[in-house]
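So the sequence shown is numbered by full-length UniProt numbering: it starts at 1 and just counts up by one.
For each residue, glycine too, the CB sits at the ideal point set by N, CA and C.
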Amino acid sequence: MDGSEPGLDTPAAVLSGAPMDLQARTVRIYRPAKTATQSGNWHGHQWRMDWDVLSKGHRWENPLMGWQSSADFMQGTHLNFKSKDDAINFANKQGYEYFVQEPNERKMVPKAYATQFVYSAKRLKEVRTK
């Protein structure tokens, strides 16, 4: 997409002078999963957009520490949005190709404290500490 295509709107990336490498990238729009070590779900309301990793990766091993280095300047970058529609509108405005990864919804099973004390005809469970 170089701005010469017919259409009503010119993508913002063409007008901004962003490099063609950035314009040709595909972005992923998704809602991050809840952190496994926390019980709250505060960060689960935002939608995130990040760029796919390049196929060749342009990676090399740092000779000093042995860490993996990369020439991909968008690899560690992500943007947060309030809604999925905001992220899609931003991707369209910038001229990015995108795909939306829908989140898996949590299934809440209703539980009651009283069910622990309901009589059952089975043998009692014996709990030992040692």
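**Message:** Among P110, Q46, M108 and K122, whose alpha-carbon lies nearest the alpha-carbon of Y30?
**Reply:** Q46
**Item:** Contact under 8 Å by Cβ, M49 with A91
**Value:** Note that the C-beta distance between M49 and A91 is below 8 Å.
**Which residues DSSP lists as bridging I29, in chain order** = M49 and V100
**Asked** Which value, in whole angstroms, describes the spacing of the CA atoms of P32 and K82?
**Response** 12 Å
**Item:** G17 burial status per 10 Å Cβ neighbour count (16 or more: buried)
**Value:** exposed
**Item:** residue 132 (DSSP reduced to helix, strand or coil)
**Value:** Here the chain comprises residues numbered 1 to 130, so residue 132 is not present and cannot be evaluated.
**Asked** Excluding five sequence neighbours on each side, which residues of the same chain lie with their C-beta closer than 6 Å to the C-beta of N80?
**Response** Q46 and R48
**Request:** Round the Cβ separation of D72 and V100 to the nearest angstrom and send it over; I've been treating them as touching at under 8 Å.
**Result:** Here D72 is actually not in contact with V100; their C-beta atoms are around 22 Å apart, not less than 8 Å.
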